[in-house]
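What follows is a short report on a single structure.
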Amino acid sequence: MKQGSSPTIIRVLDQATVNKIAAGEVVERPASVVKELVENSIDAGAQSIRIDVIASKNEITSISVTDDGMGMDRENALLAFTPHATSKITEIRDLDTIRTLGFRGEALASIAAVARVTLTTRPRDDELAAGTRIVIAGGEILENSAVGSPGGTTILVEDLFYNTPARKKFQKSRATELAHIIGILEGIILAHPTIAFRLTYNGTEQIVTGRNATRLDTIARIYGTATTRDLVPVSGTAPLVTVTGHISRPSLSRKDRDRIFLSINGRYISSPAITNAIKEGYGTLLPKDRFPVAFLALDIDTTLVDVNVHPTKKLVRISREPEIAGAVRDEIKKTLAGHDLIPDIRPPATPQPIVADAPAAMTALPRSLPYQFPKSTPLVVSEPTHAGVTDSDRRLRQTELAPGPAPAATLPPLRVIGEFGGIYILATTASGELMIIDQHAAHERILYELAGQQDDSGKRVQELIAPVMLHRTPRESAVLTELLPALRNEGFQIEEFGKDTFLVRTVPIVLGKLEDTSLLEAIISDLVSTDRGERVDNRERITRIVACRGAIKAGTICTPEQCQRVADQLRLTKNPFTCPHGRPTIIRFSREQLDGMFKRN
Numbered sequence: 001m002k003q004g005s006s007p008t009i010i011r012v013l014d015q016a017t018v019n020k021i022a023a024g025e026v027v028e029r030p031a032s033v034v035k036e037l038v039e040n041s042i043d044a045g046a047q048s049i050r051i052d053v054i055a056s057k058n059e060i061t062s063i064s065v066t067d068d069g070m071g072m073d074r075e076n077a078l079l080a081f082t083p084h085a086t087s088k089i090t091e092i093r094d095l096d097t098i099r100t101l102g103f104r105g106e107a108l109a110s111i112a113a114v115a116r117v118t119l120t121t122r123p124r125d126d127e128l129a130a131g132t133r134i135v136i137a138g139g140e141i142l143e144n145s146a147v148g149s150p151g152g153t154t155i156l157v158e159d160l161f162y163n164t165p166a167r168k169k170f171q172k173s174r175a176t177e178l179a180h181i182i183g184i185l186e187g188i189i190l191a192h193p194t195i196a197f198r199l200t201y202n203g204t205e206q207i208v209t210g211r212n213a214t215r216l217d218t219i220a221r222i223y224g225t226a227t228t229r230d231l232v233p234v235s236g237t238a239p240l241v242t243v244t245g246h247i248s249r250p251s252l253s254r255k256d257r258d259r260i261f262l263s264i265n266g267r268y269i270s271s272p273a274i275t276n277a278i279k280e281g282y283g284t285l286l287p288k289d290r291f292p293v294a295f296l297a298l299d300i301d302t303t304l305v306d307v308n309v310h311p312t313k314k315l316v317r318i319s320r321e322p323e324i325a326g327a328v329r330d331e332i333k334k335t336l337a338g339h340d341l342i343p344d345i346r347p348p349a350t351p352q353p354i355v356a357d358a359p360a361a362m363t364a365l366p367r368s369l370p371y372q373f374p375k376s377t378p379l380v381v382s383e384p385t386h387a388g389v390t391d392s393d394r395r396l397r398q399t400e401l402a403p404g405p406a407p408a409a410t411l412p413p414l415r416v417i418g419e420f421g422g423i424y425i426l427a428t429t430a431s432g433e434l435m436i437i438d439q440h441a442a443h444e445r446i447l448y449e450l451a452g453q454q455d456d457s458g459k460r461v462q463e464l465i466a467p468v469m470l471h472r473t474p475r476e477s478a479v480l481t482e483l484l485p486a487l488r489n490e491g492f493q494i495e496e497f498g499k500d501t502f503l504v505r506t507v508p509i510v511l512g513k514l515e516d517t518s519l520l521e522a523i524i525s526d527l528v529s530t531d532r533g534e535r536v537d538n539r540e541r542i543t544r545i546v547a548c549r550g551a552i553k554a555g556t557i558c559t560p561e562q563c564q565r566v567a568d569q570l571r572l573t574k575n576p577f578t579c580p581h582g583r584p585t586i587i588r589f590s591r592e593q594l595d596g597m598f599k600r601n
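Residues 1 to 601 (this note's numbering) make up the sequence shown, in order.
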């Protein structure tokens with residue numbers, strides 16, 4: 001301390017300042033007000049909740065929440081604005097069994113500290129009781145009177161942050177703030193589908209849901225039937241968690257996690273661990289940069305869930321989280337394995353012909369022409385063929401899956417009728433559906449699962465006629481050296497051979513007769529340059545890359561027999577619907593869909 005300076009004085013803050021500081025944690029923006037008030041309504045047993053938002057040209061000016069919950073008498077209405085006054089708990093051990101959404105007793109006090117609040121309420125079950133009207137601004141009671149009121153509660157919040165200019169200054173545009181309100185409400189509504197909700201903005205309805213609706217009905221009301229058509233139900237119980245809800249087929253995915261909604265014991269929450277478990281449950285059904293759509297409700301013993309982490313209560317702490325996340329992941333896997341995941345191609349609402357008026361020459365074409373397969377070409381042009389057998393045919397024959405138990409969800413028998421562009425295989429089913437198979441993606445899936453079969457029965461390897469020498473950069477050499485044990489387990493015998501040089505002696509049998517060293521170079525290059533931050537282990541990375549590089553390439557013209565072999569082998573896979581990177585292997589057109597596109601129905 002400098003000579004002559006006065007000592008630091010510690011003071012107890014006045015209650016108004018304390019309330020404003022506390023409000024800063026609970027009330028961040030208008031959406032925070034909506035969340036706290038709506039959760040109070042749910043805790044009050046409301047079956048119908050209305051939220052009215054009014055905005056001026058520049059900002060949201062008022063928020064009103066009306067419910068048909070139990071309501072309050074005058075004494076309890078006054079207590080509701082007292083910090084840490086609550087009806088939800090009475091002692092610390094009650095936190096272990098809390099199932100209400102609120103329990104801190106901070107919401108109304110915090111909102112009233114930074115806004116003008118008008119509360120109108122009457123006990124729902126006492127028709128003779130008078131209603132109560134309380135007006136508070138900045139924590140100061142301006143009015144406390146008896147009024148006529150229906151059962152339930154209405155809370156009007158105006159002039160939010162009028163006395164905290166710094167917080168008011170950082171509010172975004174009214175459109176942005178409305179988006180936050182809708183985002184918060186969507187999560188709460190999906191966690192409580194049996195409650196009727198109505199959100200209006202400047203008198204215009206934004207969200208309307210029905211009372212006693214199913215979760216799927218509620219999803220359809222918010223996101224439309226186009227979303228619900230691509231959802232499958234989830235329902236399962238594990239020792240620590242019960243999981244119910246809906247998840248999307250792989251054909252419906254998003255670039256981020258914004259459409260993954262989770263609730264635990266009725267509380268809309270955020271959990272990175274559970275979200276990651278959902279993504280992991282899809283495995284190779286989705287590309288690594290895509291996320292599913294999910295609406296899941298988890299029921300967990302309350303003693304395993306700590307909701308007293310932050311005043312907003314959206315982030316929770318879960319005991320035995322790895323076990324619970326693992327159970328969720330396994331339930332997702334089981335659900336997807338039991339459903340037909342072939343994407344359906346839906347015709348546009350008003351299909352348009354490619355040519356409005358067909359020339360006369362077109363009408364003179366015969367009604368049908370026999371399909372002519374082009375002559376087969378080798379997979380790798382530079383590789384010689386032997387006895388008329390192409391490389392693609394040899395590779396397909398050497399990489400066949402062993403028949404096993406039928407997968408839970410598989411493809412029907414497929415009869416190949418043609419191919420298109422050296423990329424797509426055309427096939428039909430006994431029920432008259434047209435299937436289009438991506439030959440590269442399908443063969444990639446076959447190779448990926450063949451590698452898994454070999455893990456169970458011993459890795460089969462192909463010894464090279466002459467070792468292949470690889471030269472890498474110093475950085476790549478460091479990565480490759482680290483991967484050598486994992487590569488050896490997957491069938492690659494690679495030895496260090498001087499500085500930044502390696503010798504390859506064997507490769508996995510799934511690569512066939514490797515005579516073109518560029519394929520091996522490509523595999524190693526992929527391995528040393530792949531994003532190491534991806535949440536898969538080295539074995540999985542190696543298997544995916546080998547399957548991708550070893551599969552027949554787009555542009556390879558296959559014979560009818562080769563096309564049929566791909567279709568037959570795809571049916572034997574556990575997951576015939578996507579390649580290991582999540583791209584579809586097959587899509588389906590029904591006869592009705594085709595008829596609709598040609599306006600035949």
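From the three backbone atoms N, C-alpha and C, an ideal C-beta is built for every residue, glycine too.
Fair warning: this is a prediction, and the values are worked out from it, not measured in the lab.
Endpoints, the beta strand (DSSP E) within which Leu496 is located = Walking along the sequence shown from the start, residue 496 turns up at place 496. Looking at the sequence shown, residue 496 is not Leu but Glu. Note, Glu496: beta strand (DSSP E), Gln493 to Glu496.
Under 9 angstroms, do Cys563 and Ile425 count as touching if we go by C-beta distance?
-> Looking up residue 563 in the sequence shown gives position 563. Looking up residue 425 in the sequence shown gives position 425. Cys563 places its beta carbon less than 9 angstroms from that of Ile425.
What's the gap between the Cα of Gly139 and the Cα of Thr120?
-> Within the sequence shown, residue 139 is the residue found at index 139, counting from 1. Within the sequence shown, residue 120 is the residue found at index 120, counting from 1. When only Cα atoms are considered, Gly139 and Thr120 end up about 17 angstroms apart.
Just curious, the alpha helix (DSSP H) that Pro474 is in, first and last residue?
-> To locate residue 474, count along the sequence shown from 1; it is residue 474. Its alpha helix (DSSP H) spans residues Pro474 to Asn489.
Environment of Asn58 [buried if 16+ CB atoms lie within 10 Å] | Mapped onto the sequence shown, residue 58 falls at position 58. Its Cβ having fewer than 16 others within 10 Å, Asn58 is exposed.
Which stretch, first to last residue, makes up the alpha helix (DSSP H) that contains Gln206?
-> Position 206 of the sequence shown, counted from the start, is the residue given in the question as residue 206. Boundaries around Gln206 are those of the beta strand (DSSP E), Thr204 to Val208, since no alpha helix (DSSP H) includes it.
Per DSSP, the bridge partner or partners of Ser248 | Counted from its first residue, the sequence shown places residue 248 at position 248. Leu231.
Helix, strand or coil at Asn144 [DSSP, three-state] | Taking the first residue of the sequence shown as 1, we reach residue 144 at position 144. In the three-state DSSP reduction, Asn144 falls in the strand class (E or B).
Is Gly281 helix, strand or coil when you go by DSSP?
-> For the purposes of this step, residue 281 is taken as residue 281 along the sequence shown, with counting starting at 1. Secondary structure of Gly281 (DSSP, three-state): helix.
Which residues in the same chain as Ile545 place their Cβ atom closer than 8 angstroms to its Cβ, once the five residues preceding and following it in sequence are excluded?
-> As a first step, residue 545 is located in the sequence shown; it is residue number 545 there, counting from the start. Its chain contains Ile523, Asp526, Leu527 and Thr530 as the residues whose beta carbon lies nearer than 8 angstroms to that of Ile545, once the 5 sequence neighbours on both sides are disregarded; these appear in chain order.
Go ahead and pull the three-state DSSP assignment for Pro322.
-> Within the sequence shown, residue 322 is the residue found at index 322, counting from 1. It is helical.
Terminal residues of the continuous beta strand (DSSP E) containing Gly418?
-> Mapped onto the sequence shown, residue 418 falls at position 418. Judged by DSSP secondary structure, Gly418 falls within the beta strand (DSSP E) whose first and last residues are Arg415 to Phe420.
Close beta carbons around Ile264, own chain, < 7 angstroms, minus the five adjacent residues each side = Taking the first residue of the sequence shown as position 1, residue 264 is located at position 264. Only Leu298, Ile300, Val305 and Val316 meet the Cβ criterion.
Determine the closest residue to Gly236 out of Asp230, Arg229 and Thr244, with distance taken between C-alpha atoms.
-> The count along the sequence shown starts at 1 and reaches residue 236 at position 236. Measuring from the Cα of Gly236, the nearest candidate turns out to be Thr244.
Using 10 angstroms around the beta-carbon of Asp68, count the other beta-carbons present and answer buried if the total reaches 16, otherwise exposed.
-> Position 68 of the sequence shown, counted from the start, is the residue given in the question as residue 68. By the neighbour-count definition (other C-beta atoms within 10 Å, threshold 16), Asp68 is a buried residue.
Counting only the same chain and skipping the five closest in sequence on each side, list residues whose C-beta sits under 8 angstroms from that of Arg583.
-> Counting from 1 along the sequence shown, the entry for residue 583 is found at position 583. Take Arg583, set aside five residues on each side of it, and the residues of its chain with a beta-carbon closer than 8 angstroms to its own are Pro287, Asp438 and Ala441, in chain order.
Roughly how many angstroms lie between the CA atoms of Val157 and Leu199, to the nearest whole one?
-> To locate residue 157, count along the sequence shown from 1; it is residue 157. To locate residue 199, count along the sequence shown from 1; it is residue 199. Rounded to the nearest angstrom, the gap between the Cα atoms of Val157 and Leu199 is 15 angstroms.
When the Cβ atoms of the stretch 199-218 are set against those of the stretch 49-65, are three or more pairs found closer than 8 angstroms?
-> The stretch 199-218 vs the stretch 49-65: in contact.
Measure the Cβ-Cβ separation of Thr335 and Val241 and say whether it is below 9 angstroms.
-> Taking the sequence shown and counting its residues from 1, the one referred to as residue 335 is at position 335. Taking the sequence shown and counting its residues from 1, the one referred to as residue 241 is at position 241. Taking 9 angstroms as the Cβ cut-off, Thr335 and Val241 do not qualify as a contacting pair.
Out of Val510, Thr517, Arg475 and Pro467, state which residue places its alpha-carbon closest to the alpha-carbon of Glu495.
-> For the purposes of this step, residue 495 is identified with residue 495 of the sequence shown, where counting begins at 1. Considering only alpha carbons, the answer is Pro467.
Should Pro108 and Ser251 be called a contact, given that it needs their Cβ atoms to be closer than 9 angstroms?
-> Position 108 of the sequence shown holds residue 108. Position 251 of the sequence shown holds residue 251. Residue identity differs from the one stated: residue 108 is Leu in this sequence, not Pro. No; because the gap between Cβ atoms is not below 9 angstroms, this pair is not in contact.
Give the range of the alpha helix (DSSP H) segment to which Ile181 is assigned.
-> Here residue 181 is taken as the residue at index 181 of the sequence shown, counted from 1. Taken as a continuous stretch (DSSP letters only), the alpha helix (DSSP H) holding Ile181 covers Arg174 to Ala191.
Just reading off the beta strand (DSSP E) that Glu602 is part of, what are its end residues?
-> Summary: the structure shown does not reach residue 602, with the chain confined to residues 1 through 601, and so no result is reported for it.
Whole angstroms is fine: what's the gap from Thr164's alpha carbon to Arg249's?
-> Locating residue 164 in the sequence shown gives position 164, counting from the first residue. Locating residue 249 in the sequence shown gives position 249, counting from the first residue. So the two alpha carbons sit approximately 47 angstroms from each other.
Quick one: is Met469 buried, meaning 16 or more other Cβ sit within 10 Å of its Cβ, or exposed?
-> Here residue 469 refers to the residue found at position 469 of the sequence shown. By the neighbour-count rule (16 or more Cβ atoms within 10 Å), Met469 is not buried but exposed.
The stretch 568-579 in contact with the stretch 323-333 per 3-pair CB rule at 8 angstroms | Proximity of the stretch 568-579 to the stretch 323-333 falls short of the contact definition, fewer than three beta-carbon pairs being nearer than 8 angstroms.
Could you work out which residue in Ala112, Ile189, Ser431 and Val416 is closest to Ser48 when comparing CA atoms only?
-> Taking the first residue of the sequence shown as 1, we reach residue 48 at position 48. Closest option to Ser48, Cα to Cα, is Ile189.
Across which residues does DSSP place Pro292 in a beta bridge pair?
-> The sequence position of residue 292 within the sequence shown is 292, counting from 1. DSSP output for Pro292 lists Ser253 as bridge partner(s).
Rounded separation between Asp258 and Leu185 - CA only | Here residue 258 corresponds to residue number 258 of the sequence shown, with the count starting at 1. Here residue 185 corresponds to residue number 185 of the sequence shown, with the count starting at 1. In a straight line, the C-alpha of Asp258 is about 14 angstroms away from that of Leu185.
Buried or exposed: Ser32, going by 16 or more other Cβ atoms within 10 Å of its Cβ?
-> Counting from one through the sequence shown, the residue named residue 32 turns up at place 32. Buried is the call here.
Which residues in the same chain have their Cβ closer than 8 angstroms to the Cβ of Ser431, if we skip the five residues on either side of it in sequence?
-> Within the sequence shown, the letter at position 431 stands for residue 431. Result list for Ser431: Pro412, in chain order.
Compare the Cα-Cα distances from Ala115 to each of Gly281, Phe492, Arg29 and Ile509 and report the closest residue.
-> One-based indexing of the sequence shown puts residue 115 at position 115. For Ala115, the nearest C-alpha among the options comes from Arg29.
Burial state of Asn212 (16 or more Cβ within 10 Å) | The sequence position of residue 212 within the sequence shown is 212, counting from 1. Exposed, because fewer than 16 other Cβ atoms sit within 10 Å of the Cβ of Asn212.
How close, in whole Å, do the beta carbons of His443 and Ala551 come, if the pair is a contact with beta carbons under 8 angstroms?
-> Here residue 443 corresponds to residue number 443 of the sequence shown, with the count starting at 1. Here residue 551 corresponds to residue number 551 of the sequence shown, with the count starting at 1. Indeed, because the Cβ distance is near 4 angstroms, the residues count as touching under 8 angstroms.
Distance CB(Arg221)-CB(Val234) smaller than 9 angstroms | Sequence index remark: in the sequence shown, residue 221 carries index 221 (1-based). Sequence index remark: in the sequence shown, residue 234 carries index 234 (1-based). In this structure, Val234 does not lie closer than 9 angstroms to Arg221 by Cβ.
Determine the extent of the alpha helix (DSSP H) in which Thr517 is found, giving its start and end residues.
-> The residue you call residue 517 lines up with position 517 of the sequence shown. For Thr517, the enclosing alpha helix (DSSP H) stretches over residues Thr517 to Ser529.
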